[in-house]
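**Student:** Take the sequence shown: its position 150, counted from the start at 1, is 150 in the working numbering, and no numbers get skipped.
Please find one structure pasted underneath; my questions will follow.
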Amino acid sequence: MRFSIFHGLGAPGDLANYNQHMKDAREYAVAAEKYGFWSTWYTEHHFGHEGQELTPNPIMMGVDIAARTSKIRIGQAASIVTFWHPLRLAEDLALLDQLSDGRLEVGVGRGLYGREALNLNPAADPRDQEKNRALFAETMEILQKAWNNEFFSHKGEFYEFPAPGVKWSHPLSPATPDFTENGEITKMAVVPRPLQPELPLWQVIDTPRSIISAAETGVQGIFWLPPVSALKGRFELYREHASKAQGREVPLGEGIALVRDVYVADTMEQAREEFEEAVLNTYKWITHWRGLSNLMEEGEELTDAHKLDFDLLMDRNMLVGTPEFVTEKIHELKREVGLEHMMLWTTHPGLKHEKAMRSLELFSEKVKPHFD
1 MRFSIFHGLG
11 APGDLANYNQ
21 HMKDAREYAV
31 AAEKYGFWST
41 WYTEHHFGHE
51 GQELTPNPIM
61 MGVDIAARTS
71 KIRIGQAASI
81 VTFWHPLRLA
91 EDLALLDQLS
101 DGRLEVGVGR
111 GLYGREALNL
121 NPAADPRDQE
131 KNRALFAETM
141 EILQKAWNNE
151 FFSHKGEFYE
161 FPAPGVKWSH
171 PLSPATPDFT
181 ENGEITKMAV
191 VPRPLQPELP
201 LWQVIDTPRS
211 IISAAETGVQ
221 GIFWLPPVSA
231 LKGRFELYRE
241 HASKAQGREV
251 PLGEGIALVR
261 DVYVADTMEQ
271 AREEFEEAVL
281 NTYKWITHWR
291 GLSNLMEEGE
301 ELTDAHKLDF
311 DLLMDRNMLV
321 GTPEFVTEKI
331 HELKREVGLE
341 HMMLWTTHPG
351 LKHEKAMRSL
361 ELFSEKVKPH
371 FD
């Protein structure tokens, strides 16, 4: 079984110490490699003066970690591709793969917050979901053309590459049919291309439409919030469509990673005391936008009686407690949904760094060996 760390940098009320929080994130990732974790993943969010989501560029975070590690793989959960110019994104991700000696895992998403989309790329406005999906699909098509071809061209609803009408004449770059016609550029190259022959692709998914699309196109899935009973149907839907696309019986859980809020301490009481405030602040932030529906059990309806608190989260999706408790919860996930890959989210904004490091140590010494 693979274990990874998921990191959403945050510093509520402490933005002045951003540099120290960056150093803490770096130390955490280096320790994860020492403990044998498979990969480290960073989010992308913008304009977070509240201090909750403070990683505007997961690719740059990956470059920093790549320079300080040698084995741990480096992913984004996710790069919001609809916010990026596709050629710049293709170049930056390929360069990260080169800088990390082929350790890149490409995680992508469509974006959630209007204040981000409208200020970075109005075409990605999440209020127009169909346009947002079309932009996402076209951007992904461009990325794969750029990475998998020496020269390529593209003409779609949002982008045309190369731009029409560009003349080319240079003695050190003679015009050839590979990229020119009648002295005009007709194809282009992204340099560098990735070191890996094929970059592993991941997408943060949850709805049936996104699950089916990812499975049919060979993109691996990242889930987060639902409890085990609600995950079953999602995992089975992914398996069904991945099996059809690949022409084989894909095992349940293959190609899927699950993010879980994890905190390990010597006692259940200590774990709650140390983790409760930080994790609840995160959920208060995200459920304002997402609501509580993703926390419902299979077949359960959301009602006014459902209130966000620590007990609700513990009953449904968190792994917070002693090593024995957390170990059994992971065994349950393996039994019920065939889980093969878990991303641990411990570093919630507001949690003391030394507490996160101690939890990582306990998990590595007393939980992880049960699954190695």
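Backbone N, C-alpha and C define an ideal beta-carbon position, used for all residues, glycine too.
Only a predicted model underlies this, so the values are computations on that prediction, with no experimental measurement involved.
Taking the alpha helix (DSSP H) that residue 144 belongs to, which residues open and close that run?
**Tutor:** On the sequence shown, residue 144 is found 144 positions in, with the first residue counted as 1. Its alpha helix (DSSP H) spans residues 129-148.
**Student:** Rounding to the nearest angstrom, what Cα-Cα distance links residue 180 and residue 47 in this structure?
**Tutor:** Numbered from its first residue, the sequence shown carries residue 180 at position 180. Numbered from its first residue, the sequence shown carries residue 47 at position 47. So the alpha carbons of these two residues sit roughly 42 angstroms apart.
**Student:** Between which two residues does the beta strand (DSSP E) containing residue 223 stretch?
**Tutor:** As a first step, residue 223 must be located in the sequence shown, where it is residue number 223. Looking at the DSSP string, the run of the beta strand (DSSP E) that includes residue 223 is 220-223.
**Student:** From residue 255 to residue 168, what does the alpha carbon distance come to, in whole angstroms?
**Tutor:** Here residue 255 refers to the residue found at position 255 of the sequence shown. Here residue 168 refers to the residue found at position 168 of the sequence shown. In a straight line, the C-alpha of residue 255 is about 44 angstroms away from that of residue 168.
**Student:** Looking at the structure shown, is residue 196 part of a helix, part of a strand, or coil, going by DSSP?
**Tutor:** Here residue 196 refers to the residue found at position 196 of the sequence shown. Here residue 196 sits in coil by DSSP.
**Student:** By how many angstroms is the C-alpha of residue 29 removed from the C-alpha of residue 99?
**Tutor:** To locate residue 99, count along the sequence shown from 1; it is residue 99. To locate residue 29, count along the sequence shown from 1; it is residue 29. Their Cα atoms are separated by approximately 17 angstroms.
**Student:** Counting only the same chain and skipping the five closest in sequence on each side, list residues whose C-beta sits under 8 angstroms from that of residue 322.
**Tutor:** Counting from one through the sequence shown, the residue named residue 322 turns up at place 322. Excluding positions up to five away in sequence, the list reads 264, 265, 266, 267, 268 and 271.
**Student:** Quick one: Cα of residue 227 to Cα of residue 174, how far?
**Tutor:** Locating residue 227 in the sequence shown gives position 227, where the first residue counts as 1. Locating residue 174 in the sequence shown gives position 174, where the first residue counts as 1. Looking at the two C-alpha atoms, the distance is approximately 59 angstroms.
**Student:** If contacts are defined as beta-carbon pairs under 8 angstroms, then residue 202 and residue 340 qualify, I think. What distance do you get, rounded to the angstrom?
**Tutor:** Along the sequence shown, read from residue 1 onward, the residue named residue 202 stands at position 202. Along the sequence shown, read from residue 1 onward, the residue named residue 340 stands at position 340. Not a contact, Cβ separation roughly 13 angstroms.
**Student:** For residue 298, collect the residues of the same chain with a Cβ closer than 6 angstroms to its Cβ; drop the 5 residues on either side in sequence, then sort them by chain order.
**Tutor:** Translated into the one-based positions of the sequence shown, residue 298 becomes position 298. These residues qualify, in order along the chain: 229 and 230.
**Student:** Which residue marks the beginning of the beta strand (DSSP E) containing residue 73, and which one marks its end?
**Tutor:** Here residue 73 refers to the residue found at position 73 when the sequence shown is read from its first residue. The continuous beta strand (DSSP E) containing residue 73 extends over residues 73-76.
**Student:** Classify residue 111 as buried or exposed, calling it buried when 16 or more other Cβ atoms lie within 10 Å of its own Cβ.
**Tutor:** To locate residue 111, count along the sequence shown from 1; it is residue 111. So residue 111 ends up on the buried side.
**Student:** Is DSSP giving residue 102 helix, strand or coil here?
**Tutor:** On the sequence shown, residue 102 is found 102 positions in, with the first residue counted as 1. Three-state DSSP puts residue 102 in coil, outside helix and strand.
**Student:** What is the DSSP secondary structure of residue 375, counted as helix, strand or coil?
**Tutor:** The question about residue 375 has no answer, for the chain in this structure spans 1 to 372.
**Student:** Between the alpha carbons of residue 223 and residue 149, how many angstroms are there, rounded?
**Tutor:** Working through the sequence shown from its first residue, we reach residue 223 at position 223. Working through the sequence shown from its first residue, we reach residue 149 at position 149. Distance between the alpha carbons of residue 223 and residue 149: 31 angstroms.
**Student:** State the start and end residues of the unbroken beta strand (DSSP E) segment that holds residue 63.
**Tutor:** The residue labelled residue 63 in the question sits at position 63 within the sequence shown. Element bounds for residue 63: not the beta strand (DSSP E) but the alpha helix (DSSP H), 58-66.
**Student:** Once the 5 residues before and after residue 115 are set aside, which same chain residues still bring their CB inside 7 angstroms of it?
**Tutor:** Position 115 of the sequence shown, counted from the first residue, corresponds to residue 115. Once the five neighbours on either side are set aside, the close Cβ partners of residue 115 are 47.
**Student:** Indicate the three-state DSSP secondary structure (helix, strand or coil) for residue 9 in the structure shown.
**Tutor:** Taking the sequence shown and counting its residues from 1, the one referred to as residue 9 is at position 9. DSSP places residue 9 in coil when its eight states are reduced to three.
**Student:** So, using beta-carbon positions, are residue 80 and residue 44 closer together than 8 angstroms?
**Tutor:** Walking along the sequence shown from the start, residue 80 turns up at place 80. Walking along the sequence shown from the start, residue 44 turns up at place 44. For the pair residue 80 and residue 44, the CB atoms are nearer than the 8 angstroms cut-off.
**Student:** How far does the alpha helix (DSSP H) with residue 261 in it reach, from first residue to last?
**Tutor:** To locate residue 261, count along the sequence shown from 1; it is residue 261. Here residue 261 belongs to no alpha helix (DSSP H); instead the beta strand (DSSP E) covers 256-264.
**Student:** Can you tell me where the alpha helix (DSSP H) with residue 357 in it begins and where it stops?
**Tutor:** Working through the sequence shown from its first residue, we reach residue 357 at position 357. Element bounds for residue 357: 353-362.
**Student:** Assign residue 157 to one of three DSSP states: helix, strand, or coil.
**Tutor:** As a working mapping, residue 157 is identified with position 157 in the sequence shown. Three-state DSSP puts residue 157 in coil, outside helix and strand.
**Student:** So, are the CB atoms of residue 188 and residue 161 less than 8 angstroms apart?
**Tutor:** As a working mapping, residue 188 is identified with position 188 in the sequence shown. As a working mapping, residue 161 is identified with position 161 in the sequence shown. Yes, the pair counts as a contact, with Cβ atoms nearer than the cut-off.
**Student:** Rounded to the nearest angstrom, how far is the Cβ of residue 373 from that of residue 78, given a contact under 8 angstroms?
**Tutor:** Here the chain has residues from 1 to 372 only, and residue 373 is not among them.
**Student:** Is residue 316 helix, strand or coil when you go by DSSP?
**Tutor:** Residue numbering aside, residue 316 sits at position 316 when the sequence shown is read from its first letter. Residue state, collapsed to three classes: helix.
**Student:** How far does the alpha helix (DSSP H) with residue 344 in it extend, from its first residue to its last?
**Tutor:** As a working mapping, residue 344 is identified with position 344 in the sequence shown. From DSSP, residue 344 is part of no alpha helix (DSSP H) but of the beta strand (DSSP E) over 341-345.
**Student:** Go through its chain and collect everything with a Cβ distance to residue 279's Cβ below 6 angstroms, but skip five positions before and after it.
**Tutor:** For the purposes of this step, residue 279 is taken as residue 279 along the sequence shown, with counting starting at 1. So the qualifying residues of the chain are 261 and 348.
**Student:** With a threshold of 8 angstroms on Cβ separation, who are the neighbours of residue 12 within its own chain once the five nearest residues in sequence on each side are excluded?
**Tutor:** Position 12 of the sequence shown, counting from 1, holds the residue named residue 12. Around residue 12, the same chain offers 50, 51, 52, 281, 349 and 350 as residues with beta carbons nearer than 8 angstroms, after the five sequence neighbours per side are excluded.
**Student:** Taking 8 angstroms as the cut-off, decide whether the C-beta atoms of residue 6 and residue 38 are in contact.
**Tutor:** Start at 1 with the first residue of the sequence shown, and residue 6 comes out as number 6. Start at 1 with the first residue of the sequence shown, and residue 38 comes out as number 38. At a Cβ-Cβ threshold of 8 angstroms, residue 6 and residue 38 do not count as neighbours.
**Student:** Quick check on the DSSP output: what are the complete alpha helix (DSSP H) runs of length 4 or more inside the region 272-322, in order along the chain?
**Tutor:** 310-316
**Student:** Which residues mark the beginning and the end of the beta strand (DSSP E) in which residue 52 is found?
**Tutor:** In the sequence shown, residue 52 corresponds to position 52, counting from 1. That residue, residue 52, is in no beta strand (DSSP E); it is neither H nor E in DSSP.
**Student:** Using the Cβ count rule (16 or more neighbours within 10 Å means buried), how would you classify residue 166?
**Tutor:** Against the sequence shown, residue 166 aligns to sequence position 166. So residue 166 counts as exposed.
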